[in-house]
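**Student:** Quick one: the structure is below, and I'll ask about it shortly.
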Amino acid sequence: TAIMQTMARKNEWPLDKMCLSVEVTKKAREDMTSAPREGAYTHGLFMEGARWDTQSGSIADARLKELMPTMPVIFIKAIPVDRQETKNIYECPVYKTRIRGPTYVWTFNLKTKEKPAKW
706 TAIMQTMARK NEWPLDKMCL SVEVTKKARE DMTSAPREGA YTHGLFMEGA RWDTQSGSIA
766 DARLKELMPT MPVIFIKAIP VDRQETKNIY ECPVYKTRIR GPTYVWTFNL KTKEKPAKW
């Protein structure tokens, strides 16, 4: 919410017409040298039952024996709802821990080349 509030004030956009946009970078935490001008970087997330393919920039099938692959750094920024991408997107739930339920945080819209129902 802080990201949306900051962008809403800066651009004089109505807060209730904004959403978060997620861009998965190709970088690791160590490669980040400075904070973004707007939005925020986040790291330390992992996927379960799938993985992020940095080459294609989308969700891919998990590799054998790779149970919880880590995600690259994710750039989160606020955009107006009407600019949100809706094609080839999987609404991926984000949790604080592996335990689901009360640890739900947000939903990230991640790019996929498969039908979203697969994930």
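To convert, note that position 81 of the sequence shown is 786 in the working numbering; the numbers rise steadily by one, no gaps. The C-beta atom is built at its ideal place from N, Cα and C for all residues, glycine as well. Everything numeric in this text was worked out from a predicted model, so none of it was measured.
Tell me whether the stretch 763 to 774 and the stretch 744 to 752 touch, counting them as touching only if at least three CB pairs, one residue from each stretch, are closer than 8 angstroms.
**Tutor:** Output reads yes: the stretch 744 to 752 touches the stretch 763 to 774.
**Student:** Quick check: V729 and W757, are their CB atoms within less than 7 angstroms of each other?
**Tutor:** For the purposes of this step, residue 729 is taken as residue 24 along the sequence shown, with counting starting at 1. For the purposes of this step, residue 757 is taken as residue 52 along the sequence shown, with counting starting at 1. Yes. Within cutoff.
**Student:** Assuming A783 is part of the alpha helix (DSSP H), what are its boundary residues?
**Tutor:** Locating residue 783 in the sequence shown gives position 78, where the first residue counts as 1. Taken as a continuous stretch (DSSP letters only), A783 belongs to no alpha helix (DSSP H), being part of the beta strand (DSSP E) at I779 to P785.
**Student:** Just how far apart, CA to CA, sit K782 and R788?
**Tutor:** Taking the first residue of the sequence shown as position 1, residue 782 is located at position 77. Taking the first residue of the sequence shown as position 1, residue 788 is located at position 83. Their Cα atoms are separated by approximately 12 angstroms.
**Student:** If we ignore side chains and look at the alpha-carbon of each, how far apart do T817 and D766 end up?
**Tutor:** Locating residue 817 in the sequence shown gives position 112, counting from the first residue. Locating residue 766 in the sequence shown gives position 61, counting from the first residue. Cα to Cα, the separation comes out at about 11 angstroms.
**Student:** Give me the Cα-Cα distance between V778 and M737, rounded to the nearest whole angstrom.
**Tutor:** Working through the sequence shown from its first residue, we reach residue 778 at position 73. Working through the sequence shown from its first residue, we reach residue 737 at position 32. Straight-line Cα distance between these residues: approximately 8 angstroms.
**Student:** What are the boundary residues of the alpha helix (DSSP H) that includes R714?
**Tutor:** Taking the first residue of the sequence shown as 1, we reach residue 714 at position 9. Counting along the chain, the alpha helix (DSSP H) containing R714 begins and ends at A707 to N716.
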